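Input: a single structure, listed below in structure tokens.
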Amino acid sequence: MLRRRLAELVSGASDGGLDVEEIMAASGSLTALGVTSLAYLRLIDAVEEEFGVELDGPAVLDTLDGLAAHIADRRAAPR
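Heads up, the numbering used here is the position in the sequence shown plus 53, with the first residue counted as 1.
Structure follows, in structure tokens:
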């Protein structure tokens, strides 16, 4: 469920240039899929707003799975 929502956010950040199913199926980096620097900025804003987590740097955004793991870890950590 988290991966799918993140794929939707990636698709939205890329102005629909990437299909949700294509993002979900990808095993490589988001950059290899065609996510641009502008889309990354939009994605960071969307993720931080929706999930209330801070993204620590570009490595966190490298893959959909890496992003999902980071968010899951942050949400599980005590505040």
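Glycine is no exception: its CB is placed at the ideal position from the N, C-alpha and C atoms. Keep in mind it's a predicted model, so treat the numbers as computed, not measured.
So does residue i have its beta carbon nearer than 7 Å to some heavy atom of the ligand ATP?
i, result
"R58", "For the ligand ATP, the structure offers nothing, since it holds no ligand at all."
With a CB to CB cut of under 8 Å and the five nearest residues on each side skipped, what residues in its chain are close to residue i?
i, result
"R56", "M77, L117, D118, A121"
"G110", "none"
"A99", "L62, G65, A66"
Which word fits residue i, buried or exposed, when buried means at least 16 other C-beta atoms lie within 10 angstroms of its C-beta?
i, result
"A92", "buried"
"A60", "buried"
"L71", "buried"
"L94", "exposed"
Give every residue of the same chain whose Cβ lies closer than 7 Å to the Cβ of residue i, excluding the five residues on either side of it in the sequence, and list them in chain order.
i, result
"V113", "G119, L120, H123"
Please report the Cβ distance between residue i and residue j, rounded to the nearest whole angstrom; I am assuming they are in contact, meaning their Cβ atoms lie under 8 Å.
i, j, result
"L83", "D115", "7 Å"
Contact between the stretch 82-89 and the stretch 99-109: three or more CB pairs below 8 Å? no
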